[in-house]
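Participant: Take this structure, written in structure tokens, and hold onto it; I'll ask about it next.
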Amino acid sequence: MEVAVKGKVKRRHLNAEECDELGQSSRSTDVLTRPHTSNQGRGNHDPNHGLYPRTPSKRRKWAPASGSPTGKQKGISDFFSVTGVVSSSPRKSSLPCTSTSSKEEPKVLKEGEEDDDDVSLLAFPLAPEPMVKMEEEIDDDSLLAAIVMPEPEEDDDEIDDDSLLAGTMESEPKPKEENYLEGITAEMFGDDDEFDQCEEEEVEALPDAHYGLLGNNSVLLQPQGCMDDLPEEVLRQILCLIPAQDLYRTVCQVCHRWRNIVQDTKFVPFKKQYYCYMMHKTDTVLEIDSILKNSGVTDKASSHNSIRKLVVLMAQHKVGERVNPVDILERVKKHRLFPQAEASIRLCIPDIQKCFNLCIEGPNPYAAMAIILILSESVGDVQALVSLLTGSMSHIAITEYLSHMAMMLLALERSDIRISNRLHYNIYYVLHLMENGPFFVNSGHSRQPQIHLTREQHQVLCHNIQTNHVVKIVAFAGTGKTTTLVKYAEQRPHLRFLYVAFNNSVACEARRRFPSNVDSKTVHSLAYSDVGRRYKMCGKLTYNLKPFTVNSVLPKGRGGFVNAKVVTTTLNTFMASADETITTRHVPSRYTSHNGVEKIISSDDQRLFVQDARVIWEKMKELKKTSQHGFYMPHDGYLKLWQLQSPCLSDKYDAIFIDEAQDCTPVVMDVLLSQRCGKILVGDPHQQIYTFRGAVNALDTVGHTHIYYLTQSFRFGSEIAYVGATILRVCKHVQKILVGGMQKGGVCDETAERTLQAVKMGSSHSQGKTAILSRCNLGVFREAVRLTNANRNVRLHFIGDIKNIGLDRILDIWHLMQQTDKELPQARVIKDPFFRNFAKAKEKAFWALKSYVTQTEDKELEGKVNIVEEYGSRIPELVVRLKKCHESDYHSADFMLGTVHKAKGLEFETVIVTDDFSKVPIARHNLHRDPFFRFWDIPDDEWNLLYVAVTRARTSLIITKTVFHILTMAGEYFLKSEMPSSQLMASGPPPCSISDCPNCITPGSAFVMRKQDMKCTDCVLPGGLLCERCVWTRIGPTAFLMTDGVLSMAENPQRLGQLVHHVVFVGLL
């Protein structure tokens, strides 16, 4: 490495670490990827100087005189101005430049000026000038002849550069060998201090939208050449890197040539076939089913051999290019799972060596690769295989093999063959990362760092919104939906956008992130400025309706908490709807009686409830101050009035961003969708957790003109992504697959073990990192008590503020519980006016409150009542303790506690999921023992809550036994293969670790399976070796890669204890 320092030359040799650091720095990579920006800031020097190598020459460069004669072939300097020459050698020849034919005295260029480089010359359009009569045209034949035949010395015709170079090589005598280091003296080398004082030059952004292809040309507006000029082979190499979805949807629409390439049966056949099979294309499905049937993979009579037959099928994989099987095998041997693959082929599938050995020593490499993929425990194992194959197979060949294998595994899943969905997921994950980025893009501000965008996000950014467009963006957890909207608005500064946020905190954060052409507001703030403000001024605004206050304004004979609950529900349903008047469709069909029995509401009663609701609604709309709280206007009420006024927003905005569209009510959607401007709905239908408030999933109910999906999360890596994707697949039958990035992370791993130990001790060494998420406030209260019992000085941060737990209300309920018939608590003891009303009853105040909770189905109050009943006399002390341990700054907190509803939209390094969610009682291999459990009996909201909880984690996730059981439904038992060691078999075959299993590990098996130890939130799942029969009951035909006699082993007579069926905590907030 040479660096010029104050006119001297300094040569410095870099060590390995410095070379690696230089290779990863932006300064070195920009020299290759953005050459036009690396030299900026050097005064008047050409930024392209030195970009391309130049032929060394000892001749001094001369420029023709101003009176150069015409009639001869023009030199290159006649087309491009030359302003100077940089002296690069101590000894310059005094011979004139041979690129001109001027016979006049040449004049020397000014010393120190630079000549035009190759890039700037090529950037100029080479328009041919009219040739004079005496000038001879030089074609390719004459240039070729110049190479083999020397030209006469005396020739008036000008010789071009190529001919000159060829003639010099053949006709001129061999030049004297020059010493290019001649003239360099010791004085030219300075001290190391001078080298260290060199200032690093700042690398600027790309000079133009064409990535510098225009060079320094100020005339050329577009780079010359296009994709159509590329040879067929080069174009195919480029197009094969494009995802299959884009090949069919975009590339085919460009031109006939591109369409013919895509439709060529030899062009990435398995990649295209895999995509068509995932999309359930009929022809492809029938073709794959036929292949599996003919190869015996899906034969029901021999389903136990399906994995073996799949390996045989993959051994016949046809690579679409010339490869060396020996080289592939040598690289595959370096994979950690190759010993298991080699032993399995040798002992269990010897036919592969007989029929498909590829004339090499050792196992068939494609069969070995198939077994490695089947035994892969994580995405990392697949990535390791891809890394090994890179040296012996092209990117296309690797992608083709992975696509072929993934397609076959997916076909086995759809054929109900009992394998783990993890096998297909691992390969799909790697293929997705290989094809979909993320890619670097400019942040929009020169001084801000670059950000990552995936291919899916790029598709959204390329969509130009129109007035009649309704665009849906279905975004999974952590996929960067807000970032996508920010970039969308930044790229369109000429448009005005309205961003409608779900709550005020999100709107405040949006104002900070979005550019100035976006207004960020909540829909209630829009309605408040037009309507709600008037009710605030007359003191008639309340947060929400409650059956207790509605009961006070019901007609005589129509009162009671049961009827008040029905009327309240009717009003809330109407205010959340897009309807103009209250009708019987807003009345619930059932209600809970005084004794807790559910009854059906008759048609006559429904009409009476409609009449009562209409009277109250008319009183609520009056702008008159009243002392009857039942006639106060709630926030949803003035929002309904605003909707009935048909507000116009399209005169201010060109497009509207509707965030969290899955939780919008019909009244909100009616206002926003009626605007005459573009609408972009963004949300995750699997994060819909507010249906109890009347929310509907607009992503399902509203029609659209365009739809996009964001499935790659930036929040977590493959392990956490797999848990979230499997919950959606098993519990909700979602076909789209959630993937993550390259981040490291784990589920119930070593980090989880340390975290659980910290929870047990009540102290954390990494503050602000660990969150404990619960289904309801009762779970939050329990965890807080458990932590403070372990450590009275623990610092706890309650997500969303400690007021959300309602400690004061819990204490008021405890006071009601302590009230006797003769003792009436003073008003100062019970703070909440609502509970004072029950205290006035004197007798059985607490039981009156419980009866109210039962009749009105108030789940929030029910949770607090349960806390008081569970902890009893400890309530006052616990309330004081939790207030003392509360830490408002989560960065200083040992642990963060909260419900999933409060944690939505947030993320944490480590997440512990508590066990108060819906229960899945047993694993898949025992599912036949409980025929009463069915996933569809549990509302989707419950599975959404669990999905939201697990996807809050960034690096570490600690799950419950219920989540583990859900994973087993997809075939994931966290089994890992290993080679049997001599020490393991020294004292005889070891027994199976499953309780009550009479079997031992079969001696001579190709490999053994071990279940990993897992420490869950609510239990410890022990690990150990599994016999082949237990492996068969869990992951099916994969067991036959171990040995032959699986079915001959004794069946495990496992006895189950009493089954605990699922519990649904609907609405305990």
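Heads up: the sequence shown begins at 1 in the UniProt record's numbering, then just goes up one per residue.
C-beta atoms are modelled at their ideal positions from N, C-alpha and C, and glycine is treated no differently.
#1: Using a threshold of 7 Å, state whether the C-beta atoms of residue 1083 and Gln383 are closer than that.
#2: Quick one, which of Glu377, Ala695, Val297 has its alpha-carbon nearest Arg336's?
#3: Whose C-alpha, out of Ala725, Gln735, Glu580, Leu608, is nearest the C-alpha of Pro666?
#4: How long is the line joining the alpha carbons of Leu286 and Asp530, rounded to whole angstroms?
#5: List the DSSP bridge partners of Ser302.
#6: Whose CA, out of Arg952, Gly480, Arg418, lies closest to the CA of Thr711?
#7: Relative to the ligand NAP, is the shortest distance from any of its heavy atoms to the C-beta of Asp941 smaller than 6 Å?
#8: In chain order, which alpha helix (DSSP H) runs of at least 4 residues are fully inside the region 732-794?
#9: Give me the Cα-Cα distance between Asn793 and Ser764, rounded to the nearest whole angstrom.
#10: Using a 10 Å radius around the Cβ and a threshold of 16 neighbouring Cβ atoms, would you call Phe338 buried or exposed?
#11: Apart from the five residues just before and just after Arg236, which ones in its own chain have a Cβ nearer than 7 Å to its Cβ?
#12: Report, in whole angstroms, the separation of the C-beta atoms of Gly637 and Thr467, which I expect to be a contact under 8 Å.
#13: For a quick check, are the C-beta atoms of Glu909 and Arg954 less than 7 Å apart?
#14: What's the gap between the Cα of Leu897 and the Cα of Ser774?
#15: Can you confirm whether the region 416-433 touches the region 1035-1044 when touching is taken to mean that 3 or more C-beta pairs between the two stretches lie within less than 8 Å?
#16: With DSSP as the reference, label residue 1133 as helix, strand or coil.
#17: By the three-class DSSP mapping on this structure, what secondary structure does Phe974 have?
#18: In chain order, what residues of the same chain lie with their CB nearer than 7 Å to the CB of Arg534, ignoring the 5 residues before and after it?
#19: Report the three-state DSSP secondary structure of Lys625 (helix, strand or coil).
#20: I need the DSSP call for Pro956, collapsed to helix, strand or coil.
#21: How is the alpha helix (DSSP H) around Gly717 delimited, first residue to last?
#22: Rounded to the nearest angstrom, how far is the Cβ of Met1009 from that of Leu1026, given a contact under 8 Å?
#23: Pull up the distance between the alpha-carbon of Met969 and that of Leu375, whole angstroms please.
#24: Measuring alpha carbon to alpha carbon, tell me which residue in Met1042, Ile994, Tyr591 is nearest Gly1024.
#25: Do His304 and Phe798 have their C-beta atoms closer together than 7 Å?
#26: What is the residue span of the alpha helix (DSSP H) that Met434 lies within?
#27: Helix, strand or coil for Ala1006, going by three-state DSSP, please let me know.
#28: Considering Ser851, what are the terminal residues of the alpha helix (DSSP H) in which it resides?
#29: Can you check the region 611-667 for any beta strand (DSSP E) of at least 3 residues that lies completely inside it and give the ranges in chain order?
#30: With a threshold of 16 other CB atoms inside 10 Å of the CB of Ser718, please say whether the residue is buried or exposed.
#31: Would Ala771 be called buried (16 or more neighbouring beta carbons within 10 Å of its own) or exposed?
#32: State the DSSP-derived secondary structure class of Asp381, mapped to helix, strand or coil.
#33: If you follow the alpha helix (DSSP H) that Leu897 is part of, which residue opens it and which one closes it?
#34: DSSP three-state call for Glu18: helix, strand or coil?
#35: By alpha-carbon positions, which one of His317, Ile473, Gln855 ends up nearest to Gly683?
#36: Taking the alpha helix (DSSP H) that Leu347 belongs to, which residues open and close that run?
Facilitator: Looking at the coordinates:
#1: Within the shown structure, residues of the chain are numbered from 1 to 1069, placing residue 1083 beyond reach of any answer.
#2: Ranking the options by Cα distance to Arg336, first place goes to Glu377.
#3: For the residues Ala725, Gln735, Glu580, Leu608, the minimum Cα distance to Pro666 belongs to Glu580.
#4: When rounded, the separation of the alpha-carbon atoms in Leu286 and Asp530 is 60 Å.
#5: In DSSP, Ser302 forms no bridge with anything.
#6: Considering only alpha carbons, the answer is Gly480.
#7: You won't find the ligand NAP in this model; it holds no ligand whatsoever.
#8: Positions of the alpha helix (DSSP H) runs, each at least 4 residues long and wholly inside the region 732-794, are given as 750-761, 777-790 in order along the chain.
#9: One C-alpha to the other measures close to 12 Å.
#10: Phe338 should be labelled buried.
#11: Spatial neighbours of Arg236 in its own chain (CB-CB distance under 7 Å, excluding positions within 5 residues in sequence) are listed in chain order as Ile261, Phe267.
#12: Not quite, the Cβ-Cβ distance comes to about 32 Å (not below 8 Å), so this is no contact.
#13: Taking 7 Å as the Cβ cut-off, Glu909 and Arg954 qualify as a contacting pair.
#14: Those two C-alpha atoms are separated by around 8 Å.
#15: Output reads yes: the region 416-433 touches the region 1035-1044.
#16: In the structure as shown, the chain starts at 1 and stops at 1069, and residue 1133 therefore has no counterpart that could be examined.
#17: Coil.
#18: In chain order, Leu623 place their CB closer than 7 Å to the CB of Arg534, counting only its own chain and leaving out the 5 sequence neighbours on each side.
#19: Lys625 falls in the coil class under three-state DSSP.
#20: The amino acid at residue 956 is misidentified as Pro; the sequence shows Ser. It is a strand residue.
#21: It is not in any alpha helix (DSSP H) - Gly717 carries neither H nor E in the DSSP assignment.
#22: Rounded, the Cβ-Cβ distance is 5 Å, consistent with contact.
#23: Those two C-alpha atoms are separated by around 18 Å.
#24: Just measuring C-alpha positions, the residue of Met1042, Ile994, Tyr591 sitting nearest Gly1024 is Ile994.
#25: Cβ distance not < 7 Å, so His304 and Phe798 don't count as in contact.
#26: 421-436 is the extent of the alpha helix (DSSP H) around Met434.
#27: Coil.
#28: Counting along the chain, Ser851 sits inside the alpha helix (DSSP H) bounded by residues 845-856.
#29: If only uninterrupted beta strand (DSSP E) runs of at least 3 residues are considered, those enclosed by the region 611-667 are 655-658.
#30: A residue is called buried when at least 16 other Cβ atoms come within 10 angstroms of its Cβ; Ser718 meets this threshold and is buried.
#31: Buried.
#32: Helix.
#33: Counting along the chain, Leu897 falls outside any alpha helix (DSSP H), though it belongs to the beta strand (DSSP E) covering 895-899.
#34: Per DSSP, reduced to three states, the secondary structure at Glu18 is helical.
#35: Ranking the options by Cα distance to Gly683, first place goes to Ile473.
#36: Where Leu347 is concerned, the enclosing alpha helix (DSSP H) stretches over 338-348.
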